[in-house]
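Participant: Mind looking over this structure? Questions follow.
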Amino acid sequence: MDQRTDARTRAINVGQPDRLHVGPFPWWMRGGHLETILASALPLPLPPLRSERRLVEVEPGTAVETFWSAPETPRGGSLLVVHGLGGSAERPHVRAMADEALRRGWHAVRVNLRNHGGTEALASTLFSAVQSDDLGTVLEAMEEAALPRPYVLVGGSLGANMALRYAALAGTSSRADAVFAMNPAIDFFVIEREIHRPSNFVYRLNFVLGLCNMLNAIRAVRPVPGPPANVRYVQSIRDFDSYFTAPAAGFANADAYYEAAGTRAALDWLRVPAFILTARNDPFIPASLIAEHHGAAEGRVRVAVADRGGHVGYRVRGADGQPRFWAAKPALDWIEATFPAAGSSGR
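Numbering of the sequence shown is given in the numbering used here, commencing with residue 1133 and proceeding in unit increments.
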């Protein structure tokens, strides 16, 4: 039995989710809102990533942009790192994950999902969260390029949901050998309710403006049916999905799209190990929504709830006083523990 087969069949001891402490934080960064917003806005002092750009065709007439980085001393497998809604392969948490992987001897591939990261001209379709098979196609390209196994999908927010969705729906045919998911958006109905709380207005506005800007960039390349993409017509994520995403993806309405895109009901279908990290103070994905799945899929799903971190924030002060992305270390620690033969970094 090879290490991939062993990892797929190994179960955790089902009990309560792990509780993790995040820190130290700068004294002025307090609360889930600051930890979310500032982590998204402030850069991380990361070295440049030496990467090879490759386009991967995911369906006729549509490709996704990927960036492949190799470690100086290979001793592990390969990560495919996936950003969230409105993000890109250059987001700080994506680059931090890739940097941590490379320093430990793992290959790292970053992907720009359809229409993201300035790739509007590469896709003949609109982005939707049901396009999780795109990740499988990129993993297939990694196989064809002989990147070393195991293959681990690493995602944040909507990208985490897509990573879990791909692996769950693929079942025993999954090209991913494990999934590390940060603050996954596994239930669109719950998140819609939470993001419409008055305290979350800034996130709602940010997503709506970002989606409208994305659609207008696509319309500069090709026509897209529907009303003008501005806040007069699009006042919520549901409005955007009702006008654009759902019909483009073949759904009758936003409800049908949300039902298909969320992974909450499919986590028991996972046949590979998954570590789901969330934060107690995530402003719009309740920790309880994630924690209830600890031990799912016959014990393959491990959930950890961090005491702080916001929504894919996890921005702490390093020993050198510089900011760093805290979640990268537990991610790679878990990956290396799950696949001990893939690499021993001595860290």
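Beta carbons: idealized from backbone N, C-alpha and C, even for Gly.
#1: Taking buried to mean at least 16 other C-beta atoms within 10 Å of its own C-beta, is Thr-1304 buried or exposed?
#2: Tell me the start and end of each unbroken beta strand (DSSP E) in the segment 1397 to 1422 that is at least 3 residues and wholly inside, in chain order.
#3: Out of curiosity, what's the CA-to-CA distance linking Ala-1469 and Tyr-1365?
#4: Pull the bridge partners of Glu-1184 from the DSSP assignment, please.
#5: Report, in whole angstroms, the separation of the C-beta atoms of Ser-1256 and Gly-1358, which I expect to be a contact under 8 Å.
#6: Report the rounded CA-to-CA distance for Ala-1381 versus Tyr-1389, giving the unit in angstroms.
#7: Taking one C-beta from the segment 1274 to 1281 and one from the segment 1289 to 1305 each time, how about it: are there three or more such pairs within less than 8 Å?
#8: If you draw a straight line from the alpha carbon of Asn-1145 to that of Val-1433, how long is it in whole angstroms?
#9: Do three or more CB pairs link the segment 1344 to 1358 to the segment 1443 to 1456 at distances below 8 Å?
#10: Determine the closest residue to Asn-1362 out of Val-1334, Gln-1148, Val-1226 and Asn-1345, with distance taken between C-alpha atoms.
#11: Roughly how far, in whole angstroms, is the beta-carbon of Arg-1289 from the beta-carbon of His-1443, given that I think they are within contact range, below 8 Å?
#12: So Gly-1209 packs on Val-1284, CB below 8 Å; how close in whole Å?
#13: Quick one: grab the DSSP three-state call for Val-1433.
#14: Do Arg-1307 and Leu-1337 come within 7 Å of each other at the CB atom, strictly closer than that value?
#15: Within the present structure, is the beta-carbon of His-1426 separated from the nearest heavy atom of the ligand SAH by less than 6 Å?
#16: Bridge partners for Met-1161 per DSSP, in chain order?
#17: Helix, strand or coil, according to DSSP, for Ile-1144 in the structure here?
#18: For the alpha helix (DSSP H) that contains Gly-1342, what are its first and last residues?
#19: Rounded to the nearest angstrom, what separates Ala-1460 and Pro-1179 at their Cα positions?
#20: What residue ranges within the segment 1238 to 1313 form continuous alpha helix (DSSP H) runs of no fewer than 4 residues, ordered along the chain?
#21: Can Ala-1436 and Leu-1399 be called in contact, C-beta distance under 7 Å?
#22: Report the rounded CA-to-CA distance for Ala-1261 versus Leu-1170, giving the unit in angstroms.
#23: Where do the N-terminal and C-terminal ends of the alpha helix (DSSP H) with Asp-1439 fall, by residue?
#24: What is the residue span of the alpha helix (DSSP H) that Leu-1234 lies within?
#25: In whole angstroms, what is the alpha-carbon distance linking Asp-1265 and Leu-1421?
#26: For the segment 1236 to 1243 against the segment 1208 to 1224, are there 3 or more C-beta pairs whose distance is under 8 Å?
#27: Please state whether the Cβ-Cβ distance between Phe-1416 and Ile-1318 is less than 7 Å.
#28: Along the chain, where does the beta strand (DSSP E) containing Arg-1151 start, and where does it finish?
#29: Mark Phe-1320 as exposed unless 16 or more other C-beta atoms lie within 10 angstroms of its C-beta, in which case mark it buried.
#30: What residues in its chain sit with their C-beta under 6 Å from that of Phe-1339, if we drop five residues either side in the sequence?
#31: Could you check whether Pro-1224 and Leu-1176 sit closer than 7 Å to each other, using their CB atoms as the reference points?
#32: Following the continuous alpha helix (DSSP H) through Leu-1211, name the residue where it begins and the one where it ends.
#33: If you draw a straight line from the alpha carbon of Gln-1367 to that of Arg-1186, how long is it in whole angstroms?
#34: State the DSSP-derived secondary structure class of Thr-1377, mapped to helix, strand or coil.
#35: Could you have a look at Phe-1321 and say whether DSSP puts it in helix, strand or coil?
#36: May I ask you to report which of helix, strand or coil DSSP gives Phe-1457?
Facilitator: So, to answer that:
#1: exposed
#2: 1406 to 1411
#3: 49 Å
#4: Trp-1200
#5: That pair is no contact at about 16 Å.
#6: 8 Å
#7: no
#8: Confidence at Asn-1145 is low in this model, with a pLDDT of 48, below 50, so the placement of that residue should be treated as unreliable; the coordinate-derived value is given next. Cα to Cα, Asn-1145 sits roughly 10 Å from Val-1433.
#9: no
#10: Asn-1345
#11: Note that residue 1289 is Ser in the sequence shown here, rather than Arg. Right, their Cβ atoms sit about 7 Å apart.
#12: 7 Å
#13: strand
#14: no
#15: The model on display carries no ligand, and the ligand SAH is accordingly not part of it.
#16: For Met-1161, which the question treats as bridged, DSSP gives no partner whatsoever.
#17: Model confidence at Ile-1144 stands at a pLDDT of 46, short of 50, so the residue's coordinates are unreliable and nothing is read from them.
#18: 1333 to 1351
#19: 15 Å
#20: 1265 to 1276 and 1290 to 1302
#21: no
#22: 26 Å
#23: From DSSP, Asp-1439 is part of no alpha helix (DSSP H); its letter is neither H nor E.
#24: 1224 to 1235
#25: 24 Å
#26: yes
#27: no
#28: 1150 to 1152
#29: buried
#30: Ile-1369
#31: yes
#32: It is not in any alpha helix (DSSP H) - Leu-1211 instead sits in the beta strand (DSSP E) that spans 1210 to 1214.
#33: 36 Å
#34: helix
#35: helix
#36: strand
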